[in-house]
Amino acid sequence: MAETERNPDQLYDDIVAQYGPALERLAYAYEADPEIRRDLLQEIHIALWRSFAGFDGRCSQRTWVYRVAHNVAASHVGRHARDRKRTLVGLDNLANLPDPEGQQSADRRRALNRLMEVIQQLEPLDRQVMLAYLEGMDAAETAEITGLSARNVATKIHRIKAVLARRFQEGGRNER
Amino acid sequence: MNGESSNDREMRELWQSQKTEGVRMSVEQIRLSAGKFQRRIEWRNAREYAAALVVVAFFGFQFIRTGDALTRLGFGLIIAGVCYVIWQLHARGSGRPLPEDMGLASSIEFQRHELKRQRDLLRSVWNWYLGPVIPGLAVLIAAFARTNPGHLKHFELILTTYVLVIAGAFVGIAKLNERAARRLQRRIDELDDLSSQG
């Protein structure tokens with residue numbers, strides 16, 4: 001059955017099964033406060049569920065999901081920017097990232113915190129490109145989600161890699 | 001992705017292997033949450049209306065109390081102006097939910113649309129926010145000038161100061177909004193540049 005002909009409820013269930021963890025990671029990247037992050041994630045889920053009635057297959061399901069999620073999250077950043085002097089970054093909050101089984105090593109956690117710190121300082125559009133890169137999307141798909149040209153996306157990814165390399169080198173030196 | 005280096009792989013692996021809470025909402029939960037979300041918006045709107053009602057009640061009381069026809073007209077026009085502002089605030093969507101067709105728009109298109117909406121709201125502040133209460137204020141000032149309550153000394157000076165303070169506050173609000181609109185326009189231009197780059 002074509003995806004566009006399916007019941008939105010059924011489509012939503014499949015989407016959550018497929019993209020649930022990625023949507024959570026996206027929410028981490030946009031909101032450091034755990035309470036507000038839960039609200040944001042809920043808002044993304046509601047927006048997705050509402051949006052499927054209009055899904056017409058003009059783009060892939062993945063592009064649709066990421067467009068909706070990023071647009072909700074960017075609106076969230078815009079709304080909360082008025083309440084804050086700057087986007088929340090803070091390693092204190094980043095330390096609250098869930099690690100229920102305590103399996104992540106200290107090094108790994110530090111690396112993840114450093115990565116999250118970089119992401120949360122970025123403007124929404126750059127943040128979207130970086131998240132797409134980290135989720136393993138190619139430049140064409142990232143361009144479809146963001147509206148940037150594929151060449152522009154490639155340039156941004158190149159810069160992202162340079163920033164990450166520099167940050168991780170500096171971080172490594174500081175921790176020694 | 002082609003041309004993937006080991007650094008890319010490590011970075012992606014680090015990102016994708018982070019622990020998540022496994023948040024899963026059933027369709028029933030989503031329906032409930034959407035209902036709660038809607039009620040939250042309605043409650044927020046109700047609070048705005050209640051605040052407007054207090055203002056209208058205050059001017060309404062003055063409207064009934066005064067015996068002067070011109071003053072009464074001034075209060076009546078203020079009430080009408082406040083009602084218009086509240087209606088515009090609601091119609092222009094300060095508390096509206098996000099559109100359902102968000103998946104059709106790329107991030108740039110969506111952001112540009114939202115920024116333009118906010119910019120237009122700020123630019124037209126004279127039409128829907130400041131302008132509607134000006135007739136009422138002008139009539140009240142004229143009524144005040146005509147009756148000179150208490151036969152105050154230095155009446156012209158008091159009246160001039162009164163008019164200047166109100167005019168200053170209105171111009172100040174308009175300037176702040178213009179500045180905010182220019183800031184939004186710069187962001188819109190940046191997005192236009194980005195989307196036009198091939």
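Residue numbers (the working numbering), protein chains in the order written: chain A, 1 to 176; chain S, 1 to 198. From the three backbone atoms N, C-alpha and C, an ideal C-beta is built for every residue, glycine too. Since we're looking at a predicted model, the values are computed, not measured.
Return yes when the Cβ of residue 27(S) is within less than 9 angstroms of the Cβ of residue 39(A), no when it is not.
No, Cβ-Cβ distance for residue 39(A) and residue 27(S) is not below 9 angstroms.
Mind pulling the chain A residues with CB within less than 9 angstroms of residue 62(S)?
Result: empty, since nearest Cβ-Cβ is about 34 angstroms, beyond 9 angstroms.
Select from the stretch 101–131 of chain S all residues with a C-beta closer than 8 angstroms to any C-beta belonging to chain A, and list them in chain order.
Within the stretch 101–131 of chain S, those residues whose Cβ lies closer than 8 angstroms to any Cβ of chain A are, in chain order, 101, 102, 103, 104, 105, 106, 107, 108, 109, 110, 111, 114.
Cutoff 6 angstroms; reference residue 11(A); Cβ partners in own chain excluding five residues on either side
Exclusion of the five residues before and after residue 11(A) leaves 52 as the residues of its chain whose Cβ lies within less than 6 angstroms of its Cβ.
Touch check for the stretch 126–134 of chain S and the stretch 139–151 of chain A: three-plus C-beta pairs under 8 angstroms?
No, the stretch 126–134 of chain S does not touch the stretch 139–151 of chain A.
If you check the beta carbons only, do residue 66(A) and residue 26(A) fall under 9 angstroms apart?
Between residue 66(A) and residue 26(A), the CB-CB gap stays under 9 angstroms.
Under 8 angstroms from the C-beta of residue 30(S): neighbouring residues of chain A:
Identification of chain A residues near residue 30(S) by a Cβ-Cβ cut-off of 8 angstroms yields 12, 45, 46, 49, ordered along the chain.
Rounded to the nearest angstrom, what separates residue 73(S) and residue 140(S) at their Cα positions?
For residue 73(S) and residue 140(S), the gap between their C-alpha atoms comes out near 8 angstroms.
Does chain A have any CB closer than 9 angstroms to the CB of residue 68(S)?
No, its Cβ sits nowhere closer than 9 angstroms to a Cβ of chain A.
Beta-carbon neighbours of residue 152(A), restricted to chain S and to distances below 7 angstroms:
Chain S residues near residue 152(A): 194, 197.
Collapsed DSSP secondary structure at residue 197(S) in the structure displayed:
Coil at residue 197(S), not helix or strand.
Using 8 angstroms as the cut-off, can you tell me whether the stretch 109–117 of chain A makes contact with the stretch 7–17 of chain S, which would need three or more C-beta pairs spanning the two stretches below that distance?
Here the stretch 109–117 of chain A lies against the stretch 7–17 of chain S, with 3 or more beta-carbon pairs under 8 angstroms apart.
For residue 191(S), tell me which candidate among 63(S), 113(S), 145(S), 104(S) has the shortest Cα-Cα distance.
With distances taken between Cα atoms, residue 191(S) lies closest to 113(S).
Taking the alpha-carbon positions, what's the residue 42(S) to residue 152(S) distance?
Near 47 angstroms, if we compare the C-alpha coordinates of residue 152(S) and residue 42(S).
Can you pull the chain B residues whose beta carbon is under 8 angstroms from the beta carbon of residue 70(A), in chain order?
Absent here is chain B; the protein component of the structure consists of chains A and S.
Does the beta carbon of residue 166(A) sit closer than 9 angstroms to a beta carbon anywhere in chain S?
So no, residue 166(A) is outside the interface.
What is the DSSP secondary structure of residue 95(A), reduced to helix, strand or coil?
Only weak support is given to the placement of residue 95(A): the predicted model assigns it a pLDDT of 41, under 50, and the value that follows is read from those uncertain coordinates. DSSP places residue 95(A) in coil when its eight states are reduced to three.
Looking at residue 129(A): is its Cβ nearer than 9 angstroms to the Cβ of residue 157(A)?
Yes. Within cutoff.
With distances taken between CB atoms, is the gap from residue 109(S) to residue 50(A) smaller than 9 angstroms?
With respect to residue 50(A), residue 109(S) sits apart: the two C-beta atoms are not nearer than 9 angstroms.
Let's test the definition: count the other Cβ atoms within 10 Å of the Cβ of residue 37(A) and tell me whether it reaches 16, buried, or not, exposed.
With 16 or more Cβ atoms within 10 Å of its Cβ, residue 37(A) is classed as buried.
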